[in-house]
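In the numbering used here, the protein residues as written are 125 to 206.
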């Protein structure tokens with residue numbers, strides 16, 4: 125979850141509230157998200173490079189769009205209710 129917070133904090137620092145979604149089209153931010161996810165402490169049984177290219181691309185795109193943060197929030201909300 126700290127990785128997602130890092131991505132979202134960087135989005136806020138670079139783009140403010142990003143109301144016009146500038147971060148989605150910014151190549152530098154996309155590379156930052158990609159590098160951050162690649163350097164994340166993935167479980168031993170599923171390292172970043174073990175994901176196929178399509179899965180990595182989906183995770184990067186979700187991170188760039190802010191959807192990764194939304195999914196994590198939803199996941200933790202479901203855990204609270206369980």
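By construction, the Cβ of each residue, glycine as well, lies at the ideal position given by its N, Cα and C atoms. Bear in mind the structure is a predicted one, so any value in this text is a computation, not a measurement.
Identity of the residue in the options nearest residue i by Cα
{"i": "residue 262", "options": "194, 204, 134", "result": "This structure cannot settle anything about residue 262, because the visible part of the chain is limited to 125 through 206."}
{"i": "residue 186", "options": "148, 140, 138", "result": "148"}
{"i": "residue 126", "options": "170, 166, 203", "result": "166"}
{"i": "residue 151", "options": "163, 195, 184", "result": "184"}
Three-way DSSP call (helix, strand, coil) for residue i in this model
{"i": "residue 178", "result": "helix"}
{"i": "residue 159", "result": "helix"}
{"i": "residue 187", "result": "helix"}
{"i": "residue 172", "result": "helix"}
{"i": "residue 151", "result": "helix"}
Limits of the alpha helix (DSSP H) - the one that residue i falls within
{"i": "residue 199", "result": "191 to 205"}
{"i": "residue 138", "result": "126 to 139"}
Cβ separation of residue i and residue j, assumed to be a contact under 8 Å, to the nearest whole Å
{"i": "residue 173", "j": "residue 161", "result": "Incorrect: roughly 11 Å between the Cβ atoms, too far for contact."}
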